[in-house]
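**Student:**
Laid out in structure tokens, this is it:
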């Protein structure tokens, strides 16, 4: 009889990489639904168009690298990258913006470094930052959160994608922008006067963030990642905001709640800094990684020139991850002081 | 009641224990031949003391231990020695080793066995000798000679004896069964072990998925009197709680320091099967010739626990258990987590064979090809030694010895929890075994090169020393000759010339 000559362990758990990736994709649904509800179908179009492009690029890149692309495409990792980038991009982005973004994420961010698992930087954020630096105008123009009924229809959305020159967008400054350019208004007055604000933070944005919080909570429950990095990031972001709140004065940096529910806070905390490949790997390392990312997000939001800060904060922390790993090795069994004879 | 501690990491693979119907033992019929490897334990192989063609009785010693870390081999029944030759043995690398082949005569005639009625009348040293003579080595997995382990207590005082009935590997129910059918034997064996090492308490450790076993042991403890404190401790089921180091942490909260032994904490750990073997050796004078083996897996029609003579070929066992070869793609010696694949079913049951697993392809599908590590960290969460398997994996691939040692590769117990959870199906344990191998190689290489360096330096020093000695001799001779010349000139110039020539000649010989 022909017997397998394999080494232990002989069993295996149920998990697979494609399962992890598809759970992450699934968990974006509430956030994407909120984005679609408030801003119209733009984000959905981004995701579909960007996803197809990313798959094509992944296929070509793998073929050029001499790998059989099929098993790699089935791990869904490139779809996670493209979906996360497309969520971060303004809705109704043009085809060329998506193309440049996908190329930067999939080819520059991922395959130039050796493909899945070898990328030192979060590929989606590489794509985002390349676009933000190259095309600041397009990247900071967000659609107004007018709600599904007032938002552009599918036809208009396709126009924006394919013939961006002829598309006339209704835009509105994001709450983070409004706060940054606050000219001497008390926070309460600013909330009342600006159309950008909603109940707790930005109009629409607060629900988008709650949507991503919900999805992230589900991923936590599914044990796709641990609580360490997201919680540490939200904690330092909240703490920094509390310090800079200044009781809602005209100099205020915004309340903790405002920061938690604005921009890409929840999206970043649960979907970006939890990218395992490019973040610190031990639990203590993840705490440090998340905490510093949260601090950077606040500093860049309040003192920097860019509207949101998640991408830069994450890329900077990606640089720091190997160093954090080097100093946060957990104590191995038998190396502590619990070996004293009692 | 002692407080139970939790260990880091661990996993909960499907237990599959009910499959082999724990608590019931079937006596295995005598196979047509027994293959008894001379090395069934950690340490040196035993030396055969019987000749081919010789008739032996059950219980007769066939091979004696060589050196301290070694164990005797006994005949499980009466019969004739057919050969002493190389034969495939249970080993992860599928190698062959010297085995004694015994053809049973079917009579099962035994030597007269002499036990001790009251072990307390004997000295611990005598009892250790009895255990040593009975050829007992650890029956839980590693197979370290029990007598040697007990002698470790000579160095440090022992206060706690742990009887390990955890059996955390899925599928295996040999210890569970033993605890249910022979709790009194385990208790008596434990008393003997505690007496030998001078332990003040005995802890019987059982995972909470074996309530019948724990109840049987508890009842047996209640039914017997003892001079030491005894307790049956149950704790939540989690793999690998039964690892010696993990179990010690669960029961005491202490960790065995890296590179040290449980004895350094005043603890000795023995498997339940070993305890019974000790009891049989001391009380009945019976050497270790049989053991309980779990035959399980869905490629068997009759999975069960069998009492098997050591040396029984595994193919014979499989035929008894109704093996469906066409359904099975692999055979495993031991459990699914740490057992090794059998590549030749002719290998015999040895002292460490607690399980033979015959899974179907559906039970253990062949591993899909490994994907890239995404550093998800699930392995680090599962690791009971608090290592970072994902980092070790990188460093093992890069053969980065310094980082591997910095990340405590050698504290890996190869339990397989990391590979079990890995979503990318990376055979992590294989990488660690290979890495340990090449580090050991390079350490040995270093020792070898240091040794040859020392040898070279010693030779250099010796050559130099000899040259100096020659030089000194020459100088002395020259001085002597000169002195003689001045003395002799007046007396006899011819004789002086002859002496000079002689001196030159001998000088040449020396230099040559």
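Residue numbers (the working numbering), protein chains in the order written: chain A, 1 to 342; chain B, 343 to 854.
All C-beta atoms, glycine included, are put in the ideal place defined by N, C-alpha and C.
1) Use the C-beta contact count for residue 331 of chain A: other C-beta atoms within 10 angstroms, 16 or more gives buried, fewer gives exposed.
2) According to DSSP, is residue 333 of chain A helix, strand or coil?
3) How would you list, in chain order, the residues of chain E whose beta-carbon sits under 7 Å from the beta-carbon of residue 222 of chain A?
4) Would you mind stating whether residue 224 of chain A and residue 23 of chain A have Cβ atoms separated by less than 7 Å?
5) With H, G and I counted as helix, E and B as strand and the rest as coil, what does DSSP make of residue 452 of chain B?
6) List the endpoints of the continuous beta strand (DSSP E) containing residue 547 of chain B.
7) Just to confirm the assignment: which complete beta strand (DSSP E) runs, minimum length 3, are found wholly within the segment 497-526 of chain B?
8) Among the candidates A:282, A:272, A:327, whose CA atom is the shortest distance from the CA of residue 312 of chain A?
9) Please identify, using Cβ separations under 8 Å, the residues of the segment 3-36 of chain A that lie next to chain B, in order along the chain.
10) Would you mind sorting residue 522 of chain B into buried or exposed? The rule is 16 or more other CB atoms within 10 Å of its CB.
11) Residue 671 of chain B and residue 728 of chain B look like a contact to me (Cβ under 8 Å); what is the Cβ gap, rounded to whole Å?
12) Give me the chain A residues within the contact set of residue 762 of chain B, using Cβ-Cβ distance strictly less than 8 Å, ordered along the chain.
13) Which residues in chain A sit within 9 Å of residue 497 of chain B, going by Cβ to Cβ distance?
14) Let me know the secondary structure DSSP gives residue 342 of chain A once reduced to three states.
15) Does the segment 548-555 of chain B come into contact with the segment 473-483 of chain B, if we say contact requires no fewer than three beta-carbon pairs (one atom in each stretch) closer than 8 Å?
16) Have a look at B:403, B:365, B:816, B:735 and flag the residue whose alpha-carbon is nearest the alpha-carbon of residue 524 of chain B.
17) Taking all protein chains shown into account, do 16 or more other C-beta atoms lie within 10 angstroms of the C-beta of residue 846 of chain B, making it buried, or fewer, making it exposed?
18) What are the start and end residues of the beta strand (DSSP E) that includes residue 381 of chain B?
19) Assign residue 342 of chain A to buried or exposed, taking buried as 16 or more other Cβ atoms, counted over all protein chains shown, within 10 Å of its Cβ.
20) Hey, residue 726 of chain B and residue 582 of chain B are a contact pair by Cβ (cut 8 Å); roughly how many whole angstroms apart?
21) Compare the C-alpha of residue 721 of chain B against each of B:713, B:711, B:733 and name the closest.
22) Can a CB atom of chain A be found closer than 7 Å to the CB of residue 395 of chain B?
23) Please report the Cβ distance between residue 650 of chain B and residue 628 of chain B, rounded to the nearest whole angstrom; I am assuming they are in contact, meaning their Cβ atoms lie under 8 Å.
24) Is the beta carbon of residue 473 of chain B sitting closer than 7 Å to the one on residue 692 of chain B?
25) In the DSSP assignment, what residue or residues form a beta bridge with residue 753 of chain B?
26) What do you get for residue 325 of chain A, buried or exposed, if any count of 16 or more other CB atoms within 10 angstroms of its CB means buried?
27) What are the start and end residues of the beta strand (DSSP E) that includes residue 637 of chain B?
28) Looking at C-alpha atoms only, which residue of A:39, A:142, A:120, A:48 is the closest neighbour of residue 149 of chain A?
29) Can you name the start and end residues of the beta strand (DSSP E) that residue 575 of chain B belongs to?
30) With 7 Å set as the bound, which would you pick, yes or no: does the beta-carbon of residue 334 of chain A sit closer than that to a beta-carbon of chain B?
31) Beta-carbon of residue 706 of chain B versus every beta-carbon of chain A: anything under 7 Å?
32) So is residue 351 of chain A in contact with chain B if we call contact Cβ pairs under 7 Å?
33) What residue from B:684, B:760, B:595, B:697 has the CA that sits closest to residue 337 of chain A's CA?
34) What are the uninterrupted segments assigned as alpha helix (DSSP H) that are 4 or more residues long and contained completely in the segment 621-686 of chain B, given in chain order?
35) When DSSP builds the beta bridges, which residues end up paired with residue 143 of chain A?
**Tutor:** Straight from the coordinates:
1) A residue is called buried once 16 or more other Cβ atoms fall within 10 Å of its Cβ, and residue 331 of chain A, having fewer, is exposed.
2) When DSSP states are grouped into helix, strand and coil, residue 333 of chain A belongs to the coil group.
3) Looking for chain E here will not work: the only protein chains present are A and B.
4) Yes, Cβ-Cβ distance for residue 224 of chain A and residue 23 of chain A is below 7 Å.
5) Here residue 452 of chain B sits in strand by DSSP.
6) Segment 543-549, the beta strand (DSSP E) holding residue 547 of chain B.
7) Taken in chain order, the unbroken stretches of beta strand (DSSP E) that lie wholly in the segment 497-526 of chain B and span 3 residues or more are 502-506.
8) Per the Cα distances, A:272.
9) If the cut-off is 8 Å between Cβ atoms, the segment 3-36 of chain A has 3, 4, 5, 6, 7, 8, 9, 10, 11, 12, 13, 15, 16, 17, 19, 20 near chain B.
10) Answer is buried; the Cβ neighbour count reaches 16.
11) Wrong, their Cβ atoms sit about 35 Å apart, outside the cutoff.
12) Under the 8 Å cutoff, chain A gives 9, 11, 12, 13.
13) Result: empty, since nearest Cβ-Cβ is about 13 Å, beyond 9 Å.
14) With a pLDDT of 47 at residue 342 of chain A, under the threshold of 50, the modelled position of this residue cannot be trusted; read the value that follows with caution. Coil, per DSSP.
15) Fewer than three pairs of CB atoms, one per stretch, sit closer than 8 Å, so the segment 548-555 of chain B makes no contact with the segment 473-483 of chain B.
16) If you compare the alpha carbons of B:403, B:365, B:816, B:735 with that of residue 524 of chain B, the shortest gap goes to B:365.
17) Counting every other CB atom within 10 Å of its CB across the protein chains shown gives residue 846 of chain B a total below 16, marking it as exposed.
18) If you look at residue 381 of chain B, you'll find it isn't in any beta strand (DSSP E); DSSP assigns it neither H nor E.
19) Bear in mind that a pLDDT of 47 at residue 342 of chain A, under 50, signals an unreliable position, so the number given afterwards is only what the model happens to contain. Around the beta carbon of residue 342 of chain A, fewer than 16 other beta carbons sit within 10 angstroms, so the residue counts as exposed.
20) Residue 726 of chain B to residue 582 of chain B, Cβ: 6 Å. Contact.
21) The shortest Cα separation from residue 721 of chain B among B:713, B:711, B:733 belongs to B:733.
22) No - not a single Cβ of chain A is within 7 Å of the one on residue 395 of chain B.
23) With a Cβ gap of about 16 Å, residue 650 of chain B and residue 628 of chain B do not count as contacting.
24) Pairing residue 473 of chain B with residue 692 of chain B gives a Cβ-Cβ distance that is not under 7 Å.
25) DSSP lists no partner for residue 753 of chain B.
26) Buried, because 16 or more other Cβ atoms sit within 10 Å of the Cβ of residue 325 of chain A.
27) 632-638 is the extent of the beta strand (DSSP E) around residue 637 of chain B.
28) Measuring from the Cα of residue 149 of chain A, the nearest candidate turns out to be A:39.
29) Note, residue 575 of chain B: beta strand (DSSP E), 571-577.
30) Yes, contact with chain B.
31) The Cβ of residue 706 of chain B sits closer than 7 Å to at least one Cβ of chain A.
32) Here chain A covers residues 1 to 342 and nothing more, so residue 351 of chain A does not appear.
33) Comparing Cα-Cα distances from residue 337 of chain A to each of B:684, B:760, B:595, B:697, the minimum goes to B:595.
34) Taking only runs of at least 4 residues, the alpha helix (DSSP H) segments lying wholly in the segment 621-686 of chain B are 656-662.
35) DSSP, once it has assigned bridges, lists A:171 as partnering residue 143 of chain A.
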